[in-house]
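Engineer: The structure follows.
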Amino acid sequence: MSSGELQANHPLSERELEVIELVASGLKNEEISQRLDISKRTVDNHISNILTKTGTDNRVALVRWALQWGKVCLNDVNCCALPPVDP
214 MSSGELQANH PLSERELEVI ELVASGLKNE EISQRLDISK RTVDNHISNI LTKTGTDNRV
274 ALVRWALQWG KVCLNDVNCC ALPPVDP
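Right, here's the structure in full:
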């Protein structure tokens, strides 16, 4: 089963997507916990769940997965401009 199929069966929560963005920006778990005002253990649990849901083994593979599936944008790489919203 591919990581895309895993994610489809177990969608990521908004908080998990937020954690992925912070991992991709290079923050450590302790820094993520401070940024989100949650415990480091909660961050550890989020990352464990994310790795399971995405079928990745580590943070590097997770960031690669997130880039591949358009979950993060790094330094204007893998970004798409949204069309302007008409008032």
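In my numbering, the protein residues as written are 214 to 300.
Where is the CB? At the ideal position from N, CA and C, for every residue including glycine.
1. Helix, strand or coil: how does DSSP classify leucine 240 here?
2. Could you tell me the distance, in whole angstroms, from the CA atom of asparagine 305 to the CA atom of valine 256?
3. Which residues in the same chain have their Cβ closer than 8 Å to the Cβ of arginine 248, if we skip the five residues on either side of it in sequence?
4. Go through its chain and collect everything with a Cβ distance to lysine 284's Cβ below 7 Å, but skip five positions before and after it.
5. Helix, strand or coil, according to DSSP, for leucine 225 in the structure here?
Structural biologist: Reading from the atomic positions:
1. coil
2. Since the first residue shown for the chain is 214 and the last is 300, residue 305 is missing from the structure and cannot be characterised.
3. Leu235, Leu240
4. Leu230, Ile233
5. coil
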